[in-house]
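Engineer: Got a structure for you, questions after.
Numbering (our numbering), first residue to last: 631 to 1296.
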């Protein structure tokens, strides 16, 4: 894949945020507001856990001095003061205890602190992970719901694979931040605070030595963050392209195999996969440089502590009181042990925090991609004064309608026509003439650029979207069936529609006969897309789906595929029943359908070229007359017993492939 193509994809991703965007991070964290009791409880538990975690090194150092009987006291008797917090004895009473008693008390306290820390961390981990999952559920549902509310234009601009990537991989990246990184960051910050306090209490000079390493680690983290953010963006963009190409290839696998394009697709997938691998390795390379750098810097800090502490221990030999040790800049062996443990503890959360930068940077990259969709404005919305209509009588009017999908590329130009309630209208014309656009405007998938679309004498924009579309049923030529049962596919989750109503609709359109033969009948399983059903069966199911909602206006995009005579007769009979008594708009391809229509609209280059019934349009001897002549010639050239198309299915009268191609050719 070329660099130009890659940059184009980055432009499509529309990632514009800064390397580190506090506003973006704050926006992600705001999802935790509704769960503030869990946040507060988790924060308090982290504070308690961090406090307990900084005590053991102090006890270990004191135990060393007791075991080796150094006789040296600690600065400010800090050990006795700390132990008194967890025991019924005062600091003075603890100092007066015998060495053996101190050893026992300190040992039991050390074990108790470890056990207590374990249970608190376990409970807090469960709590915060639960919190993270709740937040992710909210984000995932908001994203899914918002995408459903967006206009068709958004889905035309964004491949399905890319959108799936948002709700899976990108949300998964946020999961790592909320469920892992935030838990670690919270604890590490509190741990660092407690450790720094202990370092300064034990020895100010040594504390300064430990902290001197921090600026270098911060500098390394800033450099890593800058390069890793760019690398993450390119990696995620490549991942989106990979998923989009995979989804497209699997959806069109029949075409790929039919035209022997497997090798070409393999090569294309290899290029995209190589691009994905390259950007992943670039991102990992940045991390590979940073982690050893952080480890080396922490080792340098511990080495400096060991050097200075060792010298201080030697200076303190023969001295016992804290005042004497301080006077010569010396420390006890126990303080040395505690300090080394605190230094190690200090750099552990530092390393954890730097490692979690990788997770947070990845999450922020995913977050900006998710919020790009959430910030996508709905193009088609209800007006403030929009009303919810009852059942329409069914009149439909286009009043000087102009429309274009792209600027300067008009699709409809001054289209005007009227359909009376109960009339059936057939729309014919070549590919790109504007037939489907008329349907999109009636359903208000798009808004007109000029003119008006009226239903029952009112602009469709004066109705609520839900109220308008509830009165309209659309039957597409490419029928989509969802994974589930036949019953669920027909009622589309509408709980008020009963099985009896579904059966009645299926019997009316002729679908009941093949449904009752299936294992399970109306509970028979349907694969995604309805691949186990024939084209005719899917068409009948779509008729039943439209009928069960009892629409005021029926819109039907007639299938262009060649089917057998029996199925054709069933579909034609079902169409007659389906359109009876309601306004019907049909994008027509079959001559029999066109001739039955009350009115025929002939579209040509975005304009309504002709309108009238079959006989009237033939008398005009215009575009429709030429279309009819082409169909008639195609039918006359095809013997009724000759196979049509690929030689497998007899071509019934009025449905020849040549005839249908003729309509698209004029």
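Think of the CB as a built atom: it goes at the ideal place given N, C-alpha and C, for glycine as much as any other residue.
This structure is a prediction, so every number in the text was calculated from the model and none was measured.
#1: Using CA coordinates, which residue listed in 1200, 1052, 1055 and 1040 is at the minimum distance from residue 1078?
#2: Would you decide whether residue 783 is buried or exposed? Buried here means 16 or more other CB atoms lie within 10 Å of its CB.
#3: Would you call the region 1069-1087 and the region 1095-1113 touching, i.e. three or more CB-CB distances under 8 Å?
#4: Please name the residue or residues paired with residue 614 in a DSSP beta bridge.
#5: Under 8 Å, with one C-beta from each stretch per pair, do the region 991-1011 and the region 770-782 reach the 3-pair mark?
#6: Start and end of the alpha helix (DSSP H) containing residue 1172?
#7: Can you confirm whether the region 1229-1241 touches the region 1052-1060 when touching is taken to mean that 3 or more C-beta pairs between the two stretches lie within less than 8 Å?
#8: In the DSSP output, what is residue 1047 paired with across the bridge?
#9: By a C-beta neighbour count over all protein chains shown, 10 Å radius and 16 as the cutoff for buried, is residue 922 buried or exposed?
#10: Does the region 1194-1206 touch the region 1012-1021, meaning 3 or more C-beta pairs lie closer than 8 Å?
#11: Can you check which of these residues, 1164, 1242 and 686, is closest to residue 745 by C-alpha distance?
#12: Using the Cβ count rule (16 or more neighbours within 10 Å means buried), how would you classify residue 734?
#13: Taking all protein chains shown into account, decide if residue 995 is buried (16 or more other Cβ within 10 angstroms of its Cβ) or exposed.
#14: Out of 1148, 1091 and 1200, which has the shortest C-alpha to C-alpha gap to residue 1010?
#15: Using the three-state DSSP reduction, which class does residue 870 fall into: helix, strand or coil?
#16: Helix or strand or just coil, what does DSSP make of residue 1272?
#17: If you run the structure through DSSP and keep just helix, strand and coil, what is residue 818?
#18: Among 676, 831 and 695, which one has its Cα closest to the Cα of residue 752?
#19: Going along the chain, which residues of its own chain have a beta-carbon closer than 7 Å to the beta-carbon of residue 957, five neighbours each way excluded?
#20: Is it buried or exposed for residue 1126, if we count other Cβ within 10 angstroms and need 16 for buried?
#21: Please state whether the Cβ-Cβ distance between residue 1155 and residue 1115 is less than 9 Å.
#22: Taking DSSP's pairing of strands, which residues face residue 1033 in a bridge?
#23: Roughly how far, in whole angstroms, is the beta-carbon of residue 969 from the beta-carbon of residue 816, given that I think they are within contact range, below 8 Å?
#24: Could you check the C-alpha separation between residue 680 and residue 807 for me, to the nearest Å?
#25: Report yes if the C-beta distance between residue 773 and residue 997 is below 9 Å; otherwise report no.
#26: Do residue 1152 and residue 1145 have their C-beta atoms closer together than 9 Å?
#27: DSSP three-state call for residue 1240: helix, strand or coil?
#28: Below 8 Å CB to CB, which residues in the same chain sit around residue 665 once its five sequence neighbours on both sides are set aside?
#29: Taking only three categories from DSSP, how would you classify residue 954?
#30: Quick one: Cα of residue 936 to Cα of residue 964, how far?
#31: Ignore the nearest five residues each way along the sequence and tell me which others in residue 1017's own chain have a CB closer than 8 Å to its CB.
#32: Name the one or two DSSP bridge partners that residue 1093 has.
#33: Along the alpha helix (DSSP H) that carries residue 1183, what are the first and last residues, could you check?
#34: Of the choices 907, 904 and 840, whose alpha-carbon is the least far from that of residue 933?
#35: With distances taken from CA atoms, which of 1149, 1113, 1158 and 1171 is nearest residue 1141?
#36: Pick from 847, 660 and 971: whose alpha carbon is nearest that of residue 987?
Structural biologist: The structure says:
#1: The count along the chain shown starts at 1 and reaches residue 1078 at position 448. Ranking the options by Cα distance to residue 1078, first place goes to 1040.
#2: Numbered from its first residue, the chain shown carries residue 783 at position 153. By the neighbour-count rule (16 or more Cβ atoms within 10 Å), residue 783 is not buried but exposed.
#3: yes
#4: The first residue shown for the chain is 631 and the last is 1296, placing residue 614 beyond what the model contains.
#5: yes
#6: The residue given as residue 1172 occupies position 542 in the chain shown. Looking at the DSSP string, the run of the alpha helix (DSSP H) that includes residue 1172 is 1165-1178.
#7: yes
#8: Position 417 of the chain shown, counting from 1, holds the residue named residue 1047. 1028.
#9: As a position in the chain shown, residue 922 is number 292, starting the count at 1. With fewer than 16 Cβ atoms within 10 Å of its Cβ, residue 922 is classed as exposed.
#10: no
#11: To locate residue 745, count along the chain shown from 1; it is residue 115. Checked all of 1164, 1242 and 686; the closest Cα to residue 745 is 686.
#12: In the chain shown, the residue the question calls residue 734 occupies position 104. Label assigned to residue 734: exposed.
#13: Along the chain shown, read from residue 1 onward, the residue named residue 995 stands at position 365. Buried is the call here.
#14: Taking the chain shown and counting its residues from 1, one reaches residue 1010 at position 380. Checking every option, the nearest Cα to that of residue 1010 belongs to 1091.
#15: Here residue 870 refers to the residue found at position 240 of the chain shown. Reduced to three states, the DSSP call for residue 870 is helix.
#16: Here residue 1272 refers to the residue found at position 642 when the chain shown is read from its first residue. Note that residue 1272 has pLDDT 44, beneath the 50 cutoff, so the model's placement of it is unreliable and no number is given.
#17: Position 188 of the chain shown, counted from the start, is the residue given in the question as residue 818. The answer is helix: DSSP assigns residue 818 an H, G or I state.
#18: Your numbering for residue 752 matches position 122 in the chain shown. Ranking 676, 831 and 695 by Cα distance to residue 752 puts 676 first.
#19: Counted from its first residue, the chain shown places residue 957 at position 327. A caution first: residue 957 carries a pLDDT of 44, below 50, which makes its placement in the model unreliable, though a value can still be read off. Once the five neighbours on either side are set aside, residue 957 has no close Cβ partner at all.
#20: For the purposes of this step, residue 1126 is taken as the residue at position 496 of the chain shown. Flag for residue 1126 reads exposed.
#21: As a first step, residue 1155 must be located in the chain shown, where it is residue number 525. As a first step, residue 1115 must be located in the chain shown, where it is residue number 485. Their beta carbons are under 9 Å apart, which means residue 1155 touches residue 1115 by this criterion.
#22: Mapped onto the chain shown, residue 1033 falls at position 403. DSSP, once it has assigned bridges, lists 1042 as partnering residue 1033.
#23: For the purposes of this step, residue 969 is taken as the residue at position 339 of the chain shown. For the purposes of this step, residue 816 is taken as the residue at position 186 of the chain shown. That belief does not hold up - the Cβ atoms of residue 969 and residue 816 are roughly 26 Å apart, past 8 Å.
#24: Taking the first residue of the chain shown as position 1, residue 680 is located at position 50. Taking the first residue of the chain shown as position 1, residue 807 is located at position 177. Cα-Cα distance, rounded: 20 Å.
#25: Here residue 773 refers to the residue found at position 143 when the chain shown is read from its first residue. Here residue 997 refers to the residue found at position 367 when the chain shown is read from its first residue. Taking 9 Å as the Cβ cut-off, residue 773 and residue 997 do not qualify as a contacting pair.
#26: What you label residue 1152 is simply residue 522 of the chain shown in a count that begins at 1. What you label residue 1145 is simply residue 515 of the chain shown in a count that begins at 1. Yes; because the gap between Cβ atoms is below 9 Å, this pair is in contact.
#27: Position 610 of the chain shown, counted from the start, is the residue given in the question as residue 1240. It is a strand residue.
#28: On the chain shown, residue 665 is found 35 positions in, with the first residue counted as 1. Here the set comprises 761, 764 and 765.
#29: As a working note, residue 954 is residue 324 in the chain shown. Bear in mind that the predicted position of residue 954 carries a pLDDT of just 45, short of 50, making it unreliable; the figure below should be weighed with that in mind. Reduced to three states, the DSSP call for residue 954 is helix.
#30: Translated into positions along the chain shown, residue 936 becomes position 306. Translated into positions along the chain shown, residue 964 becomes position 334. Using only the alpha carbons, I get a separation of about 13 Å.
#31: Reading the chain shown from its first residue, position 387 is the one you call residue 1017. Excluding positions up to five away in sequence, the list reads 1092, 1093, 1094 and 1097.
#32: The sequence position of residue 1093 within the chain shown is 463, counting from 1. Answer by DSSP bridge pairing, in chain order: 1017.
#33: For this step, residue 1183 is matched to residue 553 along the chain shown. Premise fails: residue 1183 lies in the beta strand (DSSP E), 1183-1187, not in any alpha helix (DSSP H).
#34: The sequence position of residue 933 within the chain shown is 303, counting from 1. Checking every option, the nearest Cα to that of residue 933 belongs to 840.
#35: Translated into positions along the chain shown, residue 1141 becomes position 511. Closest by alpha carbon: 1171.
#36: For the purposes of this step, residue 987 is taken as residue 357 along the chain shown, with counting starting at 1. Out of 847, 660 and 971, 847 has the C-alpha closest to the C-alpha of residue 987.
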